[in-house]
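Since the structure comes first, as structure tokens, the remarks are kept for the end.
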Amino acid sequence: MSVSPAWEVQEHTGATAWFQVGLVFGDGARVDALAVVAEGRVSIEDVKARPALSLADLTVLADWIEEPLCKACGMESYADEEPEEAEEGGESGGARRARPPWPRGIEGRWLVAQEYRAAQAEGLDPVLAVMCATGHSRRRSLRLIAQARDAGFLTPGHARR
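So the number in this note's numbering is just where the residue sits in the sequence shown, counting from 1, plus 306.
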């Protein structure tokens, strides 16, 4: 994880500072955020992630960046006030993910097919179901579905001429 100052604006009552925050996970996922510190409060102004963050990942983003960002700003971290919650996760720092990494290879294709068929059986959008399960974009999910078809886990999408 990296935290670096981007810029600072001096005001009459204090200063507003922006920080670039970068997270890189073990599975290759990357999150870049722009955090704003003003009047003793921290807010996130911009977030870019590859692959896209699920809503669950987005809700824990603040936990991932809080302590290093507070150290860079010279602020007091609230992580010290809630030690019970930190112990419950069993993991430390930036290694936490709300969604487990999606398996690669034949196992991942089989799981994509399972998600796809389950959504079809329930009358839901199968592509959206794969997107939610994997956390990937629509384009990447369509590619995974095509790979599952090529592996024989799904029937062909259309008749070949």
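The beta carbon of each residue, even a glycine, is placed where N, CA and C say it ideally should be. Note that the coordinates shown come from a computational prediction; the quantities given were computed from them, not determined experimentally.
When the Cβ atoms of the region 368-378 are set against those of the region 451-464, are three or more pairs found closer than 8 Å?
Short answer: they don't touch.
Based on the DSSP secondary-structure assignment, which residues constitute the bridge partners of T322?
Note: T322 sits in a beta bridge opposite V315 and A344.
So what's E351 in DSSP terms, helix, strand or just coil?
Note: E351 maps to strand in three-state DSSP.
May I ask you to report which of helix, strand or coil DSSP gives S310?
The answer is strand: DSSP assigns S310 an E or B state.
Near A344, which residues of its chain fall below 7 Å by C-beta distance, leaving aside the five closest residues on each side in sequence?
Taken in chain order, the residues that qualify are T322.
CA-CA distance, Q453 and R415?
Whole-angstrom Cα-Cα distance: 7 Å.
Count the other C-beta atoms from every protein chain shown that fall within 10 angstroms of the C-beta of H442, then say buried if there are 16 or more, exposed otherwise.
It is buried - the Cβ of H442 has at least 16 other Cβ atoms within 10 Å.
Just how far apart, CA to CA, sit L262 and R410?
The shown model of the chain, from 307 to 467, leaves out residue 262, and the question about it has no answer.
A427 to P311, Cα distance in whole Å?
In a straight line, the C-alpha of A427 is about 50 Å away from that of P311.
Where do the ends of the alpha helix (DSSP H) carrying P432 lie?
P432 -> alpha helix (DSSP H) spans P432 to T440.
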